[in-house]
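Using UniProt numbering, the first residue of the sequence shown is number 1, and each one after it goes up by one.
Read through the structure below, which is laid out as structure tokens, and then see the notes.
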Amino acid sequence: MFHRRDLPSEEEKTGGKSRILAKESNRSNLLSTVNKKTTLVSTVTLQSF
């Protein structure tokens, strides 16, 4: 098997994929923490009334 110069190697492909996956996981983690905070705030406000 030979690699064409203009095609990215398998390592480059997997590296890019892992970077994208890391970004996605960071985003989902942020969303989950935000959701937790909002639920905490909503429960506190419900209890205060």
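Every residue gets a Cβ at the ideal spot worked out from N, C-alpha and C, and that includes glycine.
In the three-state scheme derived from DSSP, where H, G and I count as helix and E and B as strand, S32 is classed as helix. The C-alpha of L31 is placed about 18 Å away from the C-alpha of T43. Annotation: L21 to T33 spans about 18 Å, alpha carbon to alpha carbon. Distance from the CA atom of E12 to the CA atom of T38, rounded to whole angstroms, is 39 Å.
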